[in-house]
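Visitor: Supplied in structure tokens, the structure appears directly below.
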Amino acid sequence: MSDFPIEPGHVQAFARALGAEPDGGVPLTFPIAYAHFDPDWPLVMRPGQPWHGSGAEPGVKKGGGGLHAEQEFEYFRPLRVGQTLTVHKRPGRTWTKEGRSGALDFTERHMDFHDAEGELVARSTTVTVVKR
Amino acid sequence: MNVGEERTQVVVTDLKRTQIAMYAGASGDFNPLHTDEPFATRVAGNPTVMSHGMLVMGMVGQVLTDWFGTEHVRRYRARFQAPTWPGDTISVTARVEEIADVDGERRAEVSLKATSKNGAVLSGSATVVIP
């Protein structure tokens with residue numbers, strides 16, 4: 000569990016990256032930007048830790064996370080600039096499908112975003128897939 | 000609003016690498032597949048850097064917010080069907096598939112299809128409250 004402050008500059012940068020008007024409110028997919036505050040998020044450089052991207056050399060392969068196959072957001076209350084949400088992560092379903100080139104393992108992960116009153120504001124569901 | 004109503008909108012023309020880098024910074028997804036050309040080509044074996052699927056989902060979501068308003072969207076789902084690349088132009092068609100009264104609200108189920116020159120890149124659906 001950790002906090003996700005919805006900061007105006009962050010929302011503006013996110014909206015601009017989508018090509019949206021920066022004053023158009025909180026974009027629908029903004030909850031994914033909780034990655035900046037997630038202590039377990041792996042796809043960011045952290046001080047003192049190795050990074051697999053290029054430098055003098057082109058970098059190294061790093062497996063594990065799988066491909067992002069599907070994403071869903073459910074909205075229960077408006078997301079507002081200035082509020083701080085509390086985020087709970089929990090695992091979801093897992094299932095396997097037989098694909099043309101072998102078995103595909105799917106994993107679902109949920110994130111629930113609650114406001115200061117403890118009310119559910121939004122839920123994110125991420126589905127990743129790994130070829131076995 | 001009626002079942003069958005649809006809108007088609009181009010959400011990006013000639014996607015720039017800079018926009019992908021901007022999205023990496025804003026989203027926190029710094030996977031080098033998206034912004035690191037030597038890694039993307041020489042390690043991952045891709046033709047160049049690829050866009051984040053979530054960047055495409057975010058741009059497609061603009062069609063929903065332009066049509067219905069952010070505050071009216073109750074659910075938004077996307078399935079990533081193919082990579083998108085710098086230079087791509089992405090067109091989205093949103094279509095009202097069903098209208099029903101749910102929990103005292105008039106709601107529409109909307110389908111979303113996004114395509115680039117290479118074909119389908121994202122399919123999605125959304126539940127919106129009809130204003």
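Protein chains in written order, with numbering that gives the first Met the number 0: chain A, 0 to 131; chain B, 0 to 130. C-beta: ideal position from N, C-alpha, C; glycine also. Bear in mind the structure is a predicted one, so any value in this text is a computation, not a measurement.
Along the chain, where does the beta strand (DSSP E) that runs through Trp66 (chain B) open and close?
Guide: Within the second sequence, the letter at position 67 stands for residue 66 (chain B). No beta strand (DSSP E) contains Trp66 (chain B), which is instead part of the alpha helix (DSSP H) from 52-67.
Visitor: Along the chain, where does the alpha helix (DSSP H) containing Thr17 (chain B) start, and where does it finish?
Guide: On the second sequence, position 18 is the one that residue 17 (chain B) refers to. First-last of the alpha helix (DSSP H) with Thr17 (chain B): 16-26.
Visitor: I need the boundaries of the alpha helix (DSSP H) containing Val10 (chain A), first residue and last residue.
Guide: As a first step, residue 10 (chain A) is located in the first sequence; it is residue number 11 there, counting from the start. Start and end: 7-16.
Visitor: What does a CB cutoff of less than 7 Å around Thr47 (chain B) pick up in its chain, not counting 5 residues either side in sequence?
Guide: For the purposes of this step, residue 47 (chain B) is taken as the residue at position 48 of the second sequence. Within the same chain, and ignoring the five residues on either side of Thr47 (chain B) in sequence, the residues whose Cβ sits closer than 7 Å to its Cβ are Glu36, Ala39, Thr40, Trp84, Pro85.
Visitor: Just curious, the alpha helix (DSSP H) that Leu119 (chain A) is in, first and last residue?
Guide: The residue given as residue 119 (chain A) occupies position 120 in the first sequence. Note, Leu119 (chain A): premise wrong, no alpha helix (DSSP H); beta strand (DSSP E) at 119-130.
Visitor: Using a Cβ cut-off of 8 Å (strictly closer), state whether Pro21 (chain A) contacts chain B.
Guide: Position 22 of the first sequence holds residue 21 (chain A). Under the 8 Å criterion on CB atoms, Pro21 (chain A) is classed as non-interfacial with respect to chain B.
Visitor: Based on DSSP bridge pairs, tell me the residues matched to Glu5 (chain B).
Guide: Reading the second sequence from its first residue, position 6 is the one you call residue 5 (chain B). Looking at the DSSP assignment, Glu5 (chain B) forms a beta bridge with B:Arg94.
Visitor: Note down, in chain order, every chain A residue with its Cβ under 8 Å from the Cβ of Asp35 (chain B).
Guide: Numbered from its first residue, the second sequence carries residue 35 (chain B) at position 36. Ordered by position in chain A, the residues that pass the 8 Å Cβ test against Asp35 (chain B) are Gly52, Ser53, Gly58.
Visitor: For His87 (chain A), report the span of its beta strand (DSSP E) as first-last.
Guide: Residue numbering aside, residue 87 (chain A) sits at position 88 when the first sequence is read from its first letter. Per DSSP, His87 (chain A) belongs to the beta strand (DSSP E) from 83-98.
Visitor: Would the beta-carbon of Ser123 (chain A) fall within 8 Å of that of Phe72 (chain A)?
Guide: Within the first sequence, the letter at position 124 stands for residue 123 (chain A). Within the first sequence, the letter at position 73 stands for residue 72 (chain A). Closer than 8 Å, so yes.
Visitor: For chain B, is any of its Cβ atoms less than 8 Å away from the one on Tyr42 (chain A)?
Guide: As a first step, residue 42 (chain A) is located in the first sequence; it is residue number 43 there, counting from the start. In the sequence under discussion, the amino acid at residue 42 (chain A) is Leu, which differs from the Tyr named in the question. With 8 Å as the cut-off, Leu42 (chain A) counts as an interface residue toward chain B.
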